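Here's the structure, in structure tokens; my notes come after.
Residue numbers (my numbering), protein chains in the order written: chain P, 1078 to 1289; chain G, 15 to 373.
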């Protein structure tokens, strides 16, 4: 309880965050069989990326996991500190914490800040609809329609976005970065100056602005 | 046909772009101007179809029929004689002989074991009383087929036998909907499941109902569903009453209870936060779809309309807004299952409404 209070102080949500009313406070279990509450422990005040998968999935899930593993590498210094990846099973009746652990180890992704989550089917369906619902029962009931999507949330900024799991790594990294914690004006000014320098260099060399 | 071939070629080209001998004649004039745009649009559309098909093929698996041996099963031995097999949840089966109007007499008891409770292939028996079962002390019968109300099995020395479930209780589902009740011209739409046991009825309902003229979603109160214990009035209402079996009832009840719980706990799948439009109507579509589809999980029992949002088969979701979908859907189910509909006069005889017990 004390630890939860301490964490709550570290990760303050944005005042306008919908909180547990949207994300739910469902009790889930990690691959290490640790009990966590979805909003309080996993979302509150943090920047997170959520996707759906299942341990026995032979196709798309493994490809997505391997891609996320490479993206994890891009954010390694931040992972487990202010950025987290959550892979939630769509087959909780089959995927026990041990099965999730096995999947994570088999794919060499049992890494800090990346949780493989399972729980009650009722709760997981609620989370899936709350995060990926498209106001279209035909699509939303099809679990696989959500397997190719990544939900990016920063509760500290109350921002949320989406990335296609089949998009390029560069594109996904960019989309996750769009939800980074708010930077100071000084930091932003330094970044903009660097970008401008690169544009000027490109214009001088090629006559136009290249991809930055 | 030519269009289909062209799409096939396009898909082949998308799948195997590096093939040197591909026969794709997309645009003999080369991709330029309007033609280039058309080409891009066609490729994008085909890619979307391809992704859609792949993803759908991965996911659309119907729920398997759950096997449940517990209960009493009847095997007809001769026109006047039958065997009753009463399986309990503790692995004990009692065999009774039923002949004419006489009270059934116990002829054997045994322990039973199902090899795979979800999808059984074999049930083994070990006699525990004085008498043998199927003429032996231990025997294993092969399960060759099953659904909610019957098991077909191969018994060594007996041959293929069909057992039918014997149930002293009766079960019903009532699908109720109307239009022109709320401000948006939609109306109440909910399923009610009824169990009739020992002279009393248990009634559970969930969905959209009218709470003093206002749209509400959740457990349907007695006053709301009692209003429909009559025949439908005109075209703006539809009521379908069907008798179902215990398996269908249990599954439908589970769906109803799950949605009652979702409404109670604020765990609806669509909310004002995540739905672009009509969250209650969208939740109700999920509920009515689940509850009706569960009826056919083990056998094609009712003539079901495929509410799957796939055009052109699913004309309802294509032509009507979400708030009207359950009404039109129930109306279509009534049309398709008219022969099985129980009219109110008969229903009144079957279900003692004075003893209604709402949960």
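Glycine included, C-beta positions come from ideal geometry on N, C-alpha and C. This structure is a prediction, so every number in the text was calculated from the model and none was measured.
Verify the CB distance criterion: does residue i have a CB-CB separation below 9 Å to chain G?
i: residue 1239 (chain P); result: no
i: residue 1098 (chain P); result: yes
i: residue 1193 (chain P); result: no
i: residue 1218 (chain P); result: yes
i: residue 1121 (chain P); result: no
i: residue 1078 (chain P); result: Bear in mind that the predicted position of residue 1078 (chain P) carries a pLDDT of just 49, short of 50, making it unreliable; the figure below should be weighed with that in mind. Taking Cβ atoms only, chain G never reaches closer than 9 Å to residue 1078 (chain P), which makes this a no.
i: residue 1292 (chain P); result: The displayed coordinates of chain P run from 1078 to 1289. Any statement about residue 1292 (chain P) would go beyond what the structure contains.
i: residue 1213 (chain P); result: yes
i: residue 1210 (chain P); result: yes
Residue i: which of the options sits nearest, CA to CA?
i: residue 1123 (chain P); options: P:1287, P:1283, P:1258, P:1270; result: P:1258
i: residue 150 (chain G); options: G:257, G:122, G:206; result: G:122
i: residue 1129 (chain P); options: P:1158, P:1177, P:1247; result: P:1177
i: residue 1151 (chain P); options: P:1110, P:1253, P:1262, P:1266; result: P:1253
i: residue 281 (chain G); options: P:1206, P:1228, P:1092, P:1256; result: P:1206
i: residue 1140 (chain P); options: P:1184, P:1127, P:1108, P:1101; result: P:1184
i: residue 286 (chain G); options: P:1212, P:1149, P:1116, P:1190; result: P:1212
i: residue 125 (chain G); options: G:134, G:131, G:106, G:302; result: G:106
i: residue 184 (chain G); options: G:272, G:271, G:259, G:331; result: G:259
i: residue 270 (chain G); options: G:305, G:299, G:316, G:251; result: G:305
i: residue 1089 (chain P); options: P:1173, P:1120, P:1273, P:1153; result: P:1120
i: residue 1218 (chain P); options: G:152, G:197, G:321, G:83; result: G:321
i: residue 116 (chain G); options: G:96, G:310, G:104; result: G:96
i: residue 182 (chain G); options: G:212, G:200, G:157; result: G:212
i: residue 1096 (chain P); options: P:1113, P:1262, P:1232, P:1189; result: P:1232
i: residue 82 (chain G); options: G:335, G:128, G:327; result: G:128
Report yes or no: is there a C-beta of chain P within less than 9 Å of the C-beta of residue i?
i: residue 276 (chain G); result: yes
i: residue 190 (chain G); result: no
i: residue 310 (chain G); result: no
i: residue 323 (chain G); result: yes
i: residue 353 (chain G); result: no
i: residue 336 (chain G); result: yes
i: residue 267 (chain G); result: no
i: residue 331 (chain G); result: yes
i: residue 296 (chain G); result: yes
i: residue 328 (chain G); result: yes
Apart from the five residues on each side of it in sequence, which residues of its chain come closer than 8 Å, Cβ to Cβ, to residue i?
i: residue 365 (chain G); result: 186, 208, 210, 215
i: residue 148 (chain G); result: 139, 155, 169, 170, 171, 172
i: residue 1147 (chain P); result: 1246
Could you work out which residues of chain P lie near residue i, taking near to mean beta carbons separated by less than 8 Å?
i: residue 272 (chain G); result: 1199
i: residue 291 (chain G); result: 1212
Starting from the C-beta of residue i, find all residues in its chain whose C-beta is less than 6 Å away, skip the five residues before and the five after it, and write them out in chain order.
i: residue 356 (chain G); result: 255
i: residue 98 (chain G); result: 86, 88, 110, 112, 118
i: residue 284 (chain G); result: 293, 296, 297
i: residue 1220 (chain P); result: 1167
i: residue 358 (chain G); result: 244, 245
May I ask you to check if the CB of residue i is nearer than 8 Å to at least one heavy atom of the ligand MG?
i: residue 216 (chain G); result: Among the components modelled here there is no ligand, and therefore nothing to report on the ligand MG.
For residue i, which of helix, strand or coil comes out of DSSP?
i: residue 1255 (chain P); result: coil
i: residue 39 (chain G); result: The predicted model places residue 39 (chain G) with a pLDDT of 33, which falls under 50 and marks its position as unreliable, so this point remains unresolved.
i: residue 1273 (chain P); result: helix
i: residue 259 (chain G); result: coil
i: residue 324 (chain G); result: coil
i: residue 264 (chain G); result: helix
i: residue 1116 (chain P); result: helix
i: residue 1209 (chain P); result: helix
i: residue 118 (chain G); result: coil
i: residue 84 (chain G); result: coil
i: residue 1138 (chain P); result: helix
i: residue 135 (chain G); result: coil
i: residue 348 (chain G); result: helix
i: residue 244 (chain G); result: coil
Enumerate in chain order the residues of its own chain whose CB-to-CB distance from residue i is below 7 Å, with the five nearest sequence positions on each side excluded.
i: residue 312 (chain G); result: 79, 161, 162, 261
i: residue 1208 (chain P); result: 1127, 1228
i: residue 1137 (chain P); result: 1224, 1225
i: residue 265 (chain G); result: 308, 311
Run through chain G and tell me which residues come within less than 9 Å of residue i, C-beta to C-beta.
i: residue 1124 (chain P); result: Per Cβ cutoff of 9 Å: no residues; residue 1124 (chain P) is ~20 Å from chain G at best.
i: residue 1090 (chain P); result: The contacting residues do not exist; residue 1090 (chain P) stays about 15 Å from chain G at best.
Along chain G, in chain order, which residues have C-beta atoms closer than 7 Å to that of residue i?
i: residue 1304 (chain P); result: Outside the shown range of chain P (1078 to 1289) lies residue 1304 (chain P), about which nothing can therefore be said.
i: residue 1095 (chain P); result: 287
By the criterion of Cβ-Cβ separation under 7 Å, what are the contact partners of residue i in chain P?
i: residue 233 (chain G); result: In chain order: nothing, as chain P lies at least about 17 Å away.
i: residue 299 (chain G); result: 1214
i: residue 306 (chain G); result: The contacting residues do not exist; residue 306 (chain G) stays about 13 Å from chain P at best.
Just the chain P side, please: which residues come within less than 9 Å of residue i by C-beta, in chain order?
i: residue 303 (chain G); result: 1214, 1218
i: residue 318 (chain G); result: None at all; the shortest Cβ gap to chain P is about 16 Å.
Identify the contact partners of residue i in chain G, using a Cβ-Cβ distance below 8 Å as the criterion.
i: residue 1202 (chain P); result: 283
At a CB-CB cut-off below 8 Å, which residues of chain C make contact with residue i?
i: residue 1101 (chain P); result: Going by chain labels, chain C is absent from the structure shown, which instead holds the protein chains P and G.
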